[in-house]
Amino acid sequence: MMVRKHTNKDIQKIVDKIARELKPEKIILFGSYAWGKPTKDSDIDLFIIKKSNKRKIDRARDVQRILFNEDIPAVDILVYTPLETKKRLALEDFFIEDIIHKGNIIYER
Numbered sequence: 010m011m012v013r014k015h016t017n018k019d020i021q022k023i024v025d026k027i028a029r030e031l032k033p034e035k036i037i038l039f040g041s042y043a044w045g046k047p048t049k050d051s052d053i054d055l056f057i058i059k060k061s062n063k064r065k066i067d068r069a070r071d072v073q074r075i076l077f078n079e080d081i082p083a084v085d086i087l088v089y090t091p092l093e094t095k096k097r098l099a100l101e102d103f104f105i106e107d108i109i110h111k112g113n114i115i116y117e118r
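Quick note: to get the numbering used here, add 9 to the position in the sequence shown (first position is 1).
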């Protein structure tokens, strides 16, 4: 199988499907596709903010199930609740700060 860079159309297809099925508050693109330096080996990094009582791993699995039959091989997904996001920012979590402040908001309710 030949690996290729994803297009904006690929990314939008993923975001539209997640937004339609999960109805998150926000989806932020981060990593190489947001910073403008993707390579053929780059995955699509998405930070999803969604109200939920599920464990973080189960939230990510919900997204993976939605995307399972899509022809998109490499998507890295983080799903945080609004409260978890707020707490991580209050703790000055550099990783979350970078995502929130430098990432591209590609969906917002």
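Cβ atoms here follow ideal geometry from the backbone N, Cα and C, with glycine treated the same way.
Give the range of the alpha helix (DSSP H) segment to which residue i is assigned.
i: residue 19; result: 17-31
i: residue 71; result: 65-76
In the DSSP assignment, find the unbroken beta strand (DSSP E) run with residue i in it and report its ends.
i: residue 54; result: 53-58
i: residue 117; result: 113-117
i: residue 87; result: 84-89
Return yes when the Cβ of residue j is within less than 8 Å of the Cβ of residue i, no when it is not.
i: residue 38; j: residue 84; result: no
i: residue 75; j: residue 36; result: no
i: residue 58; j: residue 34; result: yes
i: residue 112; j: residue 69; result: no
Considering Cα atoms alone, identify which of the options is closest to residue i.
i: residue 73; options: 92, 90, 91 and 53; result: 53
i: residue 110; options: 66, 40, 33 and 34; result: 40
i: residue 46; options: 89, 93 and 16; result: 16
i: residue 105; options: 117, 116 and 92; result: 92
i: residue 114; options: 24, 19 and 18; result: 24
i: residue 108; options: 21, 87 and 29; result: 87
Taking DSSP's pairing of strands, which residues face residue i in a bridge?
i: residue 35; result: 58 and 117
i: residue 109; result: The partner list for residue 109 (beta bridge, DSSP) is empty, contrary to what the question assumes.
Are the C-beta of residue i and some C-beta of chain D separated by less than 8 Å?
i: residue 52; result: The structure shown contains no chain D, having only a single protein chain.
Evaluate contact between the region 59-66 and the region 99-114, counting only Cβ atoms and requiring at least three cross-stretch pairs below 8 Å.
no
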